[in-house]
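Numbering (our numbering), first residue to last: 2 to 118. Ideal Cβ positions, reconstructed from N, Cα and C, are used throughout, including at glycine. Predicted, not measured: the structure shown is a model, and the values here were computed from it. A short write-up of the structure that comes next.
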């Protein structure tokens, strides 16, 4: 928070940022840095040189295939290590999960019977 610096990308690529990330790596097993979308600004591509890997977060019915391919290409261009993808807002339909209901009622019935003894 505060006043926006004239060129925030310069801060992300600075030696101070590199020192901060190195310090955090010594203290923590995992560090997550949330950046704006890859196709909007260069934050993720600039930071990628400091990070062990990136996770591309997408959103069903919002993220378009060509946009995702463009984002992946941008990350590959800077040799970023893309280690995974997260799909948010995935709609699950009752038809696809109906089999779990059978197991739930089966196991639920057995566990409920055990509780009464």
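Query, Result
"If I'm right that residue 68 touches residue 91 with Cβ under 8 Å, what's the distance once you round it to whole angstroms?", "Between residue 91 and residue 68 the Cβ distance is about 17 Å, and since that is not below 8 Å, they are no contact."
"Should residue 51 and residue 81 be called a contact, given that it needs their Cβ atoms to be closer than 7 Å?", "no"
"Per DSSP, residue 84 forms a beta bridge with which residues?", "According to DSSP, residue 84 bridges with nothing at all."
"Looking at C-alpha atoms only, which residue of 14, 27, 4, 59 is the closest neighbour of residue 89?", "59"
"Is the beta carbon of residue 10 within less than 6 Å of some heavy atom of the ligand FAD?", "Because no ligand of any kind appears in the structure shown, any question about the ligand FAD cannot be addressed here."
"Only counting runs of 3 or more residues, tell me where the beta strand (DSSP E) segments fall wholly within the segment 29-87, in order along the chain.", "55-60"
"Is residue 47 buried or exposed, if buried means 16 or more other CB atoms sit within 10 Å of its CB?", "buried"
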